[in-house]
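Engineer: Respectively, the protein sequence lines represent chains X, D and V.
So the mapping is simple: my numbering equals the position in the first sequence, first residue as 1, plus 10.
So the mapping is simple: my numbering equals the position in the second sequence, first residue as 1, plus 736.
So the mapping is simple: my numbering equals the position in the third sequence, first residue as 1, plus 13.
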Amino acid sequence: MHFAFLLRHPPYSKQHAREGLEAALAAAAFGQEVSLYFMGDGVLQLLPDQKATQLAAKDTSRMLQALDMYDIENVYVDRTSLQARGIAEDALAIKCTAVDSRQIRQQLATAQQVFCF
Amino acid sequence: MLHIINKATPDASLEQCLALIDPQQDAVLLVADGVLSALASYAYWPRGLAVFVLSRDIEARAINAYLAPHIQIIDDAGFVALTEQHTQSISW
Amino acid sequence: MKYALLVNGAPLDSQAARSALYFSQALLAREHQLLRVFFYGAGVQLGNGLQISAQDENSLLGEWQALALAGNTELVLCIAAAQRRGILSATEAQRHGKPPVEMLATGFTLAGLGTLVDAALDVDRLITFQG
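1. For L101 (chain V), collect the residues of the same chain with a Cβ closer than 6 angstroms to its Cβ; drop the 5 residues on either side in sequence, then sort them by chain order.
2. Output, in sequence order along the chain, the residues in the stretch 36-61 of chain V whose CB is closer than 8 angstroms to any CB in chain D.
3. Nearest to L765 (chain D) by CA position, among D:L750, D:R797, D:I740 and D:D811, is which residue?
4. Pull up the DSSP beta-bridge partners for T107 (chain X), would you.
5. Could you check where the alpha helix (DSSP H) with E32 (chain X) kicks off and where it finishes?
6. Would G144 (chain V) pass as a contact of N21 (chain V) if the rule is Cβ separation under 8 angstroms?
7. Compare the Cα-Cα distances from R138 (chain V) to each of X:Q122, X:F127 and X:T70 and report the closest residue.
8. Is the stretch 44-53 of chain X touching the stretch 773-788 of chain D, taking contact as three or more C-beta pairs under 8 angstroms?
9. By Cβ distance below 8 angstroms, which residues in the same chain neighbour L73 (chain V) in space, the five residues on each side in sequence not counted?
10. In three-state DSSP terms, what is A798 (chain D)?
11. Which residues in chain D sit within 9 angstroms of M14 (chain V), going by Cβ to Cβ distance?
12. Using the beta-carbon of each residue, which ones in chain X are nearer than 9 angstroms to A133 (chain V)?
13. Using the Cβ count rule (16 or more neighbours within 10 Å means buried), how would you classify K24 (chain X)?
14. For A39 (chain V), name the three-state secondary structure that DSSP assigns.
15. Just verifying my parser: in three-state terms, what is the DSSP assignment at Q123 (chain X)?
16. I'd like to know whether the C-beta atoms of Y86 (chain X) and T120 (chain X) end up nearer to each other than 8 angstroms.
17. With a Cβ-Cβ cutoff of 8 angstroms, do Q78 (chain V) and T128 (chain V) count as a contact?
18. Answer yes or no: does any C-beta atom of chain V fall closer than 8 angstroms to that of E29 (chain X)?
19. According to DSSP, simplified to helix, strand and coil, what is I757 (chain D)?
20. Does any residue of chain D have a CB that is nearer than 8 angstroms to the CB of F142 (chain V)?
21. Considering Cα atoms alone, identify which of V:A81, V:Q38 and V:G56 is closest to R97 (chain V).
22. Could you tell me whether the Cβ of S32 (chain V) comes closer than 8 angstroms to any Cβ of chain D?
23. Please report the distance separating the alpha-carbon of G125 (chain V) from that of Q821 (chain D).
24. Count the other CB atoms, across all protein chains shown, that sit within 10 Å of the CB of S37 (chain V); report buried if there are 16 or more and exposed otherwise.
25. Give the secondary structure of L123 (chain V) by DSSP, where H, G and I count as helix, E and B as strand, and everything else as coil.
26. Of the residues D:A768, D:T823 and D:H806, which one's Cα is nearest the Cα of L790 (chain D)?
27. Starting from the beta carbon of E32 (chain X), find every residue of chain V whose beta carbon is closer than 8 angstroms, and list them in chain order.
28. Return the residues of the stretch 44-55 of chain X that lie within a Cβ-Cβ distance of less than 9 angstroms from chain D, sorted by chain order.
29. Is any beta-carbon of chain V found at less than 8 angstroms from that of Q117 (chain X)?
30. Given that I114 (chain X) touches chain D, what residues does it touch there, using C-beta distances under 9 angstroms?
31. Return the Cβ separation of F127 (chain X) and A33 (chain X) in integer angstroms, given the expectation that the two are a contact with Cβ distance under 8 angstroms.
32. Where Q824 (chain D) and R72 (chain X) are concerned, what is the direct C-alpha to C-alpha distance, given to the nearest angstrom?
33. Three-state secondary structure (DSSP) at Y16 (chain V)?
Take a look at the structure:
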């Protein structure tokens, strides 16, 4: 089955980013097709060179490096959210496909479950 | 798609939900503090979009008189009925 | 239809568990099956059996326990999210070198995220209640 995860929170101050990624990794580990959509402040999870040690926090950007291992290939980022924050598409820590709202809507229609974190 | 919103405006959830909505097919259900975005003065939800509020949430907050006229009030059974009708849902 | 719920919001800091409870009661009234409620993130705090509600307030926990009996519904706390927030069974507490205090409320179990994935595969509808 295809599970879509909308990741909408910035890393570190709350647990949403971490717990959203953990749920996505679990779904992939249980053999489900997983797609990730970073949007809103969630796009900040994608910035390279995060120093989670500054906050003694779990480094969620390292979890992103594990996506390959879990066979999560469908990683998308909302183009409008990047533009609103002045972040270039090629400045991200992992390879992801920039999409607009219309594309996200179309792709979500094929998901059996949409999880929002 | 049924979009369930539990946060008061202004919140990123509302913008993100609106960006993804297909007004022809989707419905919005406002629950908990989400009902506050149904106030008429905000004019937040476009006409023609099916927007529902949970009656216990608006009665608890005494905002019945302030709702935009096209907002539809439903009870818990109505909430369940919406999830029966829509095979997919997103809780923002 | 078969349903499962995912509750992410903390019981006192959000309305998630209360909204989900009323939804669950309405589900059962409409003859649906509610297989499992998975509590994740701050939502796991509902399963803290040591919480005390004021005498003039309804016990949200008690109402959930009654619903689980009525609907033959599993109430599952994500074990990792619960541990991080200090909600452990006596056995788990001992395993982690803590005093063997039973924090887990009656009727709740601790399990991994796999049980959420399983639920999502088993049911016709999975509805999330956010915090």
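By construction, the Cβ of each residue, glycine as well, lies at the ideal position given by its N, Cα and C atoms.
Structural biologist: In short:
1. If we look at L101 (chain V) and ignore the five residues flanking it on each side, its Cβ neighbours are M116.
2. F36, Q38, A39, L40, A42, R43 and H45
3. D:I740
4. X:Y86
5. H26 to A39
6. yes
7. X:Q122
8. No, the stretch 44-53 of chain X does not touch the stretch 773-788 of chain D.
9. P24, A30, R31, L34, L59 and S66
10. The DSSP-derived three-state label of A798 (chain D) is coil.
11. T819 and E820
12. Under the 9 angstroms cutoff, chain X gives M11, F13, A37, Q42, Q122, Q123 and F125.
13. Result: exposed.
14. Secondary structure at A39 (chain V): helix, using DSSP grouped into helix, strand and coil.
15. strand
16. No. Outside cutoff.
17. no
18. Interface criterion met: the Cβ of E29 (chain X) is under 8 angstroms from a Cβ in chain V.
19. coil
20. Closer than 8 angstroms: yes.
21. V:G56
22. yes
23. Rounded to whole angstroms, G125 (chain V) to Q821 (chain D) spans 31 angstroms at the Cα level.
24. buried
25. strand
26. Closest by alpha carbon: D:A768.
27. A93 and L126
28. M49, G50 and D51
29. The beta-carbon of Q117 (chain X) is placed no less than 8 angstroms from the nearest beta-carbon of chain V.
30. A755 and L756
31. 7 angstroms
32. 31 angstroms
33. Y16 (chain V) falls in the strand class under three-state DSSP.
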